[in-house]
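To keep things clear, I will list the structure first and then write my remarks on it.
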Amino acid sequence: MYAVIRTGGKQYKVHEDQVLKVEKLEGSEGSKIEFNDILLYSDGETVTLGAPQIESASVKALIVEQGRSKKQLVFKYKRRKGYRRMRGHRQHYTEIRIDSISA
Numbered sequence: 027m028y029a030v031i032r033t034g035g036k037q038y039k040v041h042e043d044q045v046l047k048v049e050k051l052e053g054s055e056g057s058k059i060e061f062n063d064i065l066l067y068s069d070g071e072t073v074t075l076g077a078p079q080i081e082s083a084s085v086k087a088l089i090v091e092q093g094r095s096k097k098q099l100v101f102k103y104k105r106r107k108g109y110r111r112m113r114g115h116r117q118h119y120t121e122i123r124i125d126s127i128s129a
């Protein structure tokens, strides 16, 4: 059994007991969250495709961690001009564990 959910402008194929990192969501560690934007649902035999989403489906998850990813360096450079800029960026993320998928 799996589903395709949309969160943070991205789509994720999820199944029960899966742990994944998504864009930052509101909530504290240990709290439950529910996704209602389900694009596809499969129970192993039949596949239900939403147009654009499945109204009766939902995915329940648990927030495991709120954190920031590793630093990504952004380096700008123009040759022969003496122009150099180095910046860093750390993206916020939420690590979730999928508890149940229902349709």
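Just so you know, the sequence shown maps onto residues 27 to 129 in our numbering.
Using N, Cα and C, we set each Cβ at its ideal position, and we do this for glycine too.
- The beta carbon of Q79 lies closer than 7 angstroms to those of D63, I64, L65 in the same chain, with the five residues before and after it left out.
- When rounded, the separation of the alpha-carbon atoms in Y67 and A83 is 8 angstroms.
- The continuous beta strand (DSSP E) containing G93 extends over residues 84-94.
- Rounded to the nearest whole angstrom, the C-alpha separation of Q44 and Q37 is 15 angstroms.
- In the structure shown, I124 adopts extended strand secondary structure according to DSSP, grouped into three states.
- Note that the C-beta distance between K102 and R111 is below 8 angstroms.
- For Y119, the closest of I127, A77, F61, E55 by C-alpha to C-alpha distance is E55.
- Under the DSSP definition of a beta bridge, A29 partners with V40, Y67.
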